[in-house]
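Down below is the structure, laid out as structure tokens.
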Amino acid sequence: MSKQANQSNPTPPTETLFTCHPQDMQWLPWAMPGAHFKLLHANATTGHFTLLIRFEAGAVAPIHRHVGAVEGYMIEGGFYYHDEPERPFNAGCYLWENEGAIHQPVSPNGGVMFAVFHGPVEGLDADGNVIGRINWKWHVEKWNAAGNNYQPSV
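The opening position of the sequence shown corresponds to residue 1 in full-length UniProt numbering, with each subsequent residue numbered one higher.
Structural data, given as structure tokens:
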């Protein structure tokens, strides 16, 4: 059943759909050595951002903390956490990392992951002190500095 607009008070259409074509997008170096990203979406109001992340074989992430939860789906390859090598996340695996999670991913063979970040990520030193932070704004700025013209949703 279709909803008809009130003809006496028409409502202008609003943008309710955003699409992009990741296969046509460039990979940019990410904050993690040996990793690259494609920015799929960023929301300036909620702080959420969505990425494709590609890990090179042998990539090891710095120890970091998730300020907001992260959802991931492994498309290719995989990784594991440094302290849990017996628990790999391989292609076809969905994972949820709780807000506050602290870990260090390792990707011996590389991989590609679709990830939805529900908040920033903080890099930590060996004593647990914050040494860096990436969020939606960091990704938009880096993406646009590479010649793109992305406007985050609000």
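Each residue gets a CB set at the ideal place from its N, CA and C atoms; glycine is no exception.
Nearest candidate by alpha-carbon position, reference HIS36, set ALA44, TRP27 and ALA42: Stepping through the sequence shown from its first residue, residue 36 is reached at position 36. For the residues ALA44, TRP27 and ALA42, the minimum Cα distance to HIS36 belongs to TRP27.
Report all residues from its chain with a CB closer than 7 Å to the CB of PRO152; omit the five preceding and five following residues, and keep chain order. Locating residue 152 in the sequence shown gives position 152, counting from the first residue. Cβ within range, chain order: ALA42, ASN43, ALA44, TRP136 and VAL140.
Indicate the three-state DSSP secondary structure (helix, strand or coil) for ALA145 in the structure shown. In the sequence shown, counting from the first residue as 1, residue 145 sits at position 145. Helix at ALA145.
Please go through the same chain and pick out, in chain order, the residues whose beta-carbon is closer than 8 Å to the beta-carbon of HIS64, but skip the five residues on each side of it. Counting from one through the sequence shown, the residue named residue 64 turns up at place 64. For HIS64, where only same-chain residues beyond five positions count, the Cβ hits under 8 Å are ILE102, HIS103, GLN104, VAL121, GLU122, GLY123 and LEU124.
Between the C-alpha atoms of THR46 and MET74, what's the straight-line distance to the nearest angstrom? Residue numbering aside, residue 46 sits at position 46 when the sequence shown is read from its first letter. Residue numbering aside, residue 74 sits at position 74 when the sequence shown is read from its first letter. When rounded, the distance between both Cα atoms is 24 Å.
CA-CA distance, GLY92 and GLY78? Start at 1 with the first residue of the sequence shown, and residue 92 comes out as number 92. Start at 1 with the first residue of the sequence shown, and residue 78 comes out as number 78. Their backbone Cα atoms lie some 9 Å apart in a straight line.
I'd like to know whether the C-beta atoms of PRO108 and GLY72 end up nearer to each other than 8 Å. The residue you call residue 108 lines up with position 108 of the sequence shown. The residue you call residue 72 lines up with position 72 of the sequence shown. For PRO108 and GLY72, no; Cβs fall outside 8 Å.
TYR150 bridges to which residues according to DSSP? Working through the sequence shown from its first residue, we reach residue 150 at position 150. None, per the DSSP bridge assignment.
Quick one: complete beta strand (DSSP E) runs, 3+ long, within the UniProt domain "ChrR-like cupin" (18–121)? 35–42, 49–55, 64–66, 70–81, 84–90, 94–97, 105–107 and 111–117
Mind checking whether GLU97 and ALA61 have CB atoms under 8 Å apart? As a working note, residue 97 is residue 97 in the sequence shown. As a working note, residue 61 is residue 61 in the sequence shown. Contact flag unset, no.
Considering only residues of the same chain and omitting the five flanking positions on each side of VAL154, which have a CB-CB separation below 6 Å? For this step, residue 154 is matched to residue 154 along the sequence shown. Within the same chain, VAL154 has close Cβ partners ALA44 and THR45.
Near MET1, what residues of its chain come up, given a Cβ to Cβ distance below 6 Å and the 5 sequence neighbours on each side ignored? Against the sequence shown, residue 1 aligns to sequence position 1. Because MET1 sits at a pLDDT of 36, beneath the cut-off of 50, its placement in the model cannot be relied upon, and the following sentence gives the value as read from the coordinates. Hits under 6 Å: none found.
Integer Cβ distance of ALA115 from LEU39, believed to fall under 8 Å: Taking the sequence shown and counting its residues from 1, one reaches residue 115 at position 115. Taking the sequence shown and counting its residues from 1, one reaches residue 39 at position 39. That pair is no contact at about 11 Å.
Considering Cα atoms alone, identify which of GLU76, VAL67, VAL106 and GLU99 is closest to GLU86. The residue you call residue 86 lines up with position 86 of the sequence shown. Ranking GLU76, VAL67, VAL106 and GLU99 by Cα distance to GLU86 puts VAL106 first.
Straight-line CA distance for GLY34 to GLU15? Working through the sequence shown from its first residue, we reach residue 34 at position 34. Working through the sequence shown from its first residue, we reach residue 15 at position 15. Taking the straight line from one Cα to the other gives about 36 Å.
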